[in-house]
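K.L.:
Residue numbers (my numbering), protein chains in the order written: chain A, 49 to 219; chain B, 243 to 740.
Here you go, one structure.
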Amino acid sequence: MFDFIFFVFSFVCIGSALFVAFTPNVVHAALGLASTFATLAGFYVLLGADFLAITQIAIYVGGILVLMLFGIMYTHTIARVSGEQVMMQVGPALLVVILTLFTLVATILSTAWPVKEVAPPAPTADRIGVLLMTDYLLPFEVAAILLLVALVGAVVIAQTPVRKSIEESVD
Amino acid sequence: MLTWIGNVASLKYFIGEIWLALACCIVLMLPLIPRFKNVRMSWVTIAAILFAGICVLRLPTALPEEGGLFFGMLALDGLSKFFKLFFLISTLAVVLMTEVGREVPDYRKPEFYSILLGILLGAFLTASATDLLMMYLAIELLSLGSYVLAGFSRIEKKSDEAAMKYILYGGLSTGGMLFGMSYLYGLTGSTNLIAIREALEASQIHPLVFFVSFLLIMVGIGYKISAVPFHFWAPDVYQGAPTSITAFLSVASKGAGFAAFIRIFYTSFLSLNGEGLWEPVAQLDWRIFLSILAIATMTLGNLAAFGQNNVKRLLAYSGIAHAGYILVGAIALSEAGVQSILFYLITYLFTNLAAFTVVLILADCNGVEEIEGYRNLGTRSPWLAFCLGVALFSLIGVPPMAGFLGKWFLFAAAVETLDPWCVAAVVAGLLNSVLSVYYYFRIMKAMYLEKNEGAGPVKSHTVLNVVATAMTLPVLLIILDGGRLYDWTGELSKLLLG
Numbered sequence: 049m050f051d052f053i054f055f056v057f058s059f060v061c062i063g064s065a066l067f068v069a070f071t072p073n074v075v076h077a078a079l080g081l082a083s084t085f086a087t088l089a090g091f092y093v094l095l096g097a098d099f100l101a102i103t104q105i106a107i108y109v110g111g112i113l114v115l116m117l118f119g120i121m122y123t124h125t126i127a128r129v130s131g132e133q134v135m136m137q138v139g140p141a142l143l144v145v146i147l148t149l150f151t152l153v154a155t156i157l158s159t160a161w162p163v164k165e166v167a168p169p170a171p172t173a174d175r176i177g178v179l180l181m182t183d184y185l186l187p188f189e190v191a192a193i194l195l196l197v198a199l200v201g202a203v204v205i206a207q208t209p210v211r212k213s214i215e216e217s218v219d
Numbered sequence: 243m244l245t246w247i248g249n250v251a252s253l254k255y256f257i258g259e260i261w262l263a264l265a266c267c268i269v270l271m272l273p274l275i276p277r278f279k280n281v282r283m284s285w286v287t288i289a290a291i292l293f294a295g296i297c298v299l300r301l302p303t304a305l306p307e308e309g310g311l312f313f314g315m316l317a318l319d320g321l322s323k324f325f326k327l328f329f330l331i332s333t334l335a336v337v338l339m340t341e342v343g344r345e346v347p348d349y350r351k352p353e354f355y356s357i358l359l360g361i362l363l364g365a366f367l368t369a370s371a372t373d374l375l376m377m378y379l380a381i382e383l384l385s386l387g388s389y390v391l392a393g394f395s396r397i398e399k400k401s402d403e404a405a406m407k408y409i410l411y412g413g414l415s416t417g418g419m420l421f422g423m424s425y426l427y428g429l430t431g432s433t434n435l436i437a438i439r440e441a442l443e444a445s446q447i448h449p450l451v452f453f454v455s456f457l458l459i460m461v462g463i464g465y466k467i468s469a470v471p472f473h474f475w476a477p478d479v480y481q482g483a484p485t486s487i488t489a490f491l492s493v494a495s496k497g498a499g500f501a502a503f504i505r506i507f508y509t510s511f512l513s514l515n516g517e518g519l520w521e522p523v524a525q526l527d528w529r530i531f532l533s534i535l536a537i538a539t540m541t542l543g544n545l546a547a548f549g550q551n552n553v554k555r556l557l558a559y560s561g562i563a564h565a566g567y568i569l570v571g572a573i574a575l576s577e578a579g580v581q582s583i584l585f586y587l588i589t590y591l592f593t594n595l596a597a598f599t600v601v602l603i604l605a606d607c608n609g610v611e612e613i614e615g616y617r618n619l620g621t622r623s624p625w626l627a628f629c630l631g632v633a634l635f636s637l638i639g640v641p642p643m644a645g646f647l648g649k650w651f652l653f654a655a656a657v658e659t660l661d662p663w664c665v666a667a668v669v670a671g672l673l674n675s676v677l678s679v680y681y682y683f684r685i686m687k688a689m690y691l692e693k694n695e696g697a698g699p700v701k702s703h704t705v706l707n708v709v710a711t712a713m714t715l716p717v718l719l720i721i722l723d724g725g726r727l728y729d730w731t732g733e734l735s736k737l738l739l740g
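The structure is reproduced here in structure tokens:
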């Protein structure tokens, strides 16, 4: 039963990822991405990572994707971009991709990965919470600084034209 | 097994970083208060950097009980201390260059300094992280800020292009690095670098998976140090970014890449034997791979620099070549190798900052970036021409400049091991040094031999002249007491290995 669900999820996940890559319409691509994110959450559930699954849905599907759709809505030109996709260097790219894929698959298959005993599913949120406040406190805090820098950076990149026009009007 | 130090007990060794994080917010918020609206934020930034410098200088190079801070997230050792000082000096120079330069308009400076301090914090953490999670976060903090700063002068279209290229390559390579780290985690069940080595030593691991994870992590680091074949972003980004940021990327960001390199590979992938030599764990000799990488990096960097007319681009290719030279020290796999890398980075810091300060003066105050604009600089501004000349000689490695000593120690450390691949890399390094004379001398020739009738005297700024002088003097004077400086880097080249 688990296997069956796993294959259904995998099929939907890879299928929608391919759809995102090949569809010319950005809005469709964003919706395809939603399905990829949601099925990834499904994988987390199968692995017993309940907290991660909820976070995946809340942040990626609920937050980032909605933000993306808003971004598309507010950017007039994106929706009108023609569907032409220019592909350059198809041959070499294909070669690199196939070689990389082959190496990675061969590596994963030939390695005797250490396997842990499967523990019965238990809620993980409280343990993650405790770890974030003890062993992993510093990365947790640094992530906050990282987000601050990213936020300031995003404002800096977006703000220039507005600020300039204000200055011009003042002058 | 080491004893880790808890969060609260670690704080007293973390004051410099806390202050940088605070300053990052203060610089952003202070201009919003009307009373402080006209305070120059560069003062706050410089104060933050100097205070962090005092904190770093007071840090011990090892803890009495030999442990990692924050439950094994950070190391407190000579290596982290060295790199923190390295980043502080380069950031201080960059702040001065930005403040008097005109590439960043005044009203945007608070954001600029805020992000710069965030990057500095990221660089600090990169140099001391002993956990893959922490290392990734730190590198990401460093990179994210750099993407924004590379595109900061958005009036110029080139700057947009630079930021875009930087972020696309950066996203791909950090993704690759993260994937490689996930392999390591899957093999060993730990993210702590020391625990990873212990697990690798204890188990029989197929060399293939080990090599693939090494390769993938190397993608991320190779991108930071701009090693071939991950160097494609460098020329465009160096050319398009504001010159002060170009200087920062070529010195601090590259230094952070080497800090991460030494930290990850020397802690996890090698084990130290009794004689000051490292040996690869899991019977995988990746030295061959690295020496090929080093030879390719210096050769391609030098060859590509031949046809360049834009000095910023030329210095980008020269920076690629120098990444190749430094990698020669890394393949020695000895304590002397690490020591010589640190020494070379000191010489490279002053040399490159001196060169970029002069380039900034010419680009920013005089609007000249091409070699033609450097004609007759020797009579138009003798002191600046002298500074740039000293820096170029040092980049070539001509005695008695600092670059010569740096290369000397670097190549000596590699030859000492008598490994055929190391010797091959050294031979390639020497040949490349000869090759590089050609393009560095094109600038020298323009400065001293070519006539330029129409051009007037060079406009400059006192602060920039002072920075150029302050960076040139060490390049000239290091030779006087190079031995003691080398011993000092030896003291600081100790890693926390557990």
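Ideal placement from N, C-alpha and C gives every residue a C-beta, glycine not left out.
Can you tell me the Cα-Cα spacing of I257(B) and C61(A), whole angstroms?
P.N.:
Rounded to the nearest angstrom, the two C-alpha atoms are 46 Å apart.
K.L.:
Closest to L301(B) by C-alpha separation, out of K326(B), M315(B), C267(B), would be which residue?
P.N.:
That would be K326(B), whose Cα lies nearest to the Cα of L301(B).
K.L.:
Going by beta carbon distance, what residues of the same chain come within less than 8 Å of D606(B), once the five residues before and after it are set aside?
P.N.:
Excluding sequence neighbours, D606(B) sits near G343, R344, E345, T485.
K.L.:
Assuming A656(B) contacts V570(B) under a Cβ cut-off of 8 Å, what Cβ separation, rounded to an integer in Å, is found between them?
P.N.:
That belief holds up - the Cβ atoms of A656(B) and V570(B) are roughly 5 Å apart, short of 8 Å.
K.L.:
What would DSSP say about W520(B), mapped onto helix, strand or coil?
P.N.:
If DSSP states are grouped into helix, strand and coil, W520(B) belongs with the strands.
K.L.:
How close, in whole Å, do the beta carbons of F293(B) and W246(B) come, if the pair is a contact with beta carbons under 8 Å?
P.N.:
About 27 Å; that fails the 8 Å criterion.
K.L.:
For a contact defined as C-beta to C-beta under 9 Å, what are the partners of V134(A) on chain B?
P.N.:
Going along chain B, no residue has its Cβ under 9 Å from V134(A), so there is no contact; the nearest lies around 16 Å.
K.L.:
Assuming M763(B) contacts L379(B) (C-beta within less than 8 Å), just tell me the rounded distance between them.
P.N.:
The structure shown does not extend to residue 763(B), since chain B spans only 243 to 740, so no value can be given for it.
K.L.:
Quick test of your reading: Q481(B) and R555(B), contact by CB under 8 Å. State the CB separation rounded to the nearest angstrom.
P.N.:
Indeed, because the Cβ distance is near 5 Å, the residues count as touching under 8 Å.
K.L.:
Could one say the Cβ of I247(B) lies closer than 8 Å to chain A's Cβ atoms, at least one of them?
P.N.:
It does not; no Cβ of chain A falls within 8 Å.
K.L.:
For D319(B), which three-state DSSP category applies?
P.N.:
Reduced to three states, the DSSP call for D319(B) is coil.
K.L.:
Which two residues bound the contiguous beta strand (DSSP E) that contains L514(B)?
P.N.:
Start and end: 512-514.
K.L.:
Can you list the residues of chain B that P230(A) reaches, using a CB-CB cut of under 9 Å?
P.N.:
As displayed, chain A neither begins before 49 nor continues past 219, which places residue 230(A) out of reach and without an answer.
K.L.:
In angstroms with no decimal places, state the Cα-to-Cα distance between L338(B) and A154(A).
P.N.:
Between L338(B) and A154(A), the C-alpha separation is close to 52 Å.
K.L.:
Determine whether the beta carbon atoms of F99(A) and T172(A) lie at a separation below 8 Å.
P.N.:
In contact: F99(A) and T172(A) (Cβ atoms closer than 8 Å).
K.L.:
Is any beta-carbon of chain A found at less than 8 Å from that of E353(B)?
P.N.:
True, the Cβ-Cβ gap to chain A drops below 8 Å.
K.L.:
Strictly below 7 Å CB to CB, what residues from chain B border V267(A)?
P.N.:
Nothing about residue 267(A) can be reported from this structure: the residues present for chain A run from 49 to 219 only.
K.L.:
Keeping to the same chain, check which residues put their C-beta closer than 8 Å to that of I504(B); ignore five residues upstream and five downstream.
P.N.:
Here the set comprises L321, A572, V580, I583, L737.
K.L.:
Which full runs of the alpha helix (DSSP H) of 4+ residues lie inside the region 470-553 of chain B, going along the chain?
P.N.:
Within the region 470-553 of chain B, the complete alpha helix (DSSP H) runs of at least 4 residues are 475-482, 485-490, 496-503, 529-547.
K.L.:
Could you give the distance in angstroms between the alpha-carbon of V640(B) and the alpha-carbon of F646(B)?
P.N.:
Approximately 5 Å between the Cα atoms of the pair.
K.L.:
Rounded to a whole number of angstroms, what is the C-alpha to C-alpha distance between A369(B) and T182(A)?
P.N.:
Their Cα atoms are separated by approximately 22 Å.
K.L.:
With distances taken between CB atoms, is the gap from V523(B) to L532(B) smaller than 8 Å?
P.N.:
No.
K.L.:
In chain order, what residues of the region 178-196 of chain A put their CB closer than 8 Å to some CB of chain B?
P.N.:
From the region 178-196 of chain A, only T182, D183, Y184, L185, L186, P187, V190, A191, I193, L194, L196 have a Cβ closer than 8 Å to chain B.
K.L.:
If you draw a straight line from the alpha carbon of F188(A) to that of A317(B), how long is it in whole angstroms?
P.N.:
Roughly 17 Å between the two C-alpha positions.
K.L.:
Looking only at C-alpha atoms, which of Y590(B), Y728(B), V708(B) sits nearest to F328(B)?
P.N.:
The option with the nearest alpha carbon to F328(B) is Y590(B).
K.L.:
Compare the C-beta of V163(A) against all C-beta atoms of chain B and say whether one is closer than 8 Å.
P.N.:
Output row for V163(A): interface = no.
K.L.:
Can you tell which of V74(A), K164(A), S64(A) has its C-alpha closest to the C-alpha of Y122(A)?
P.N.:
The residue with the shortest Cα to Cα distance from Y122(A) is V74(A).
K.L.:
Using the beta-carbon count (16 or more within 10 Å), is A667(B) buried or exposed?
P.N.:
So A667(B) ends up on the buried side.
K.L.:
Hey, does H703(B) have any beta-carbon neighbour from chain A nearer than 8 Å?
P.N.:
Answer no: the Cβ-Cβ gap between H703(B) and chain A never drops below 8 Å.
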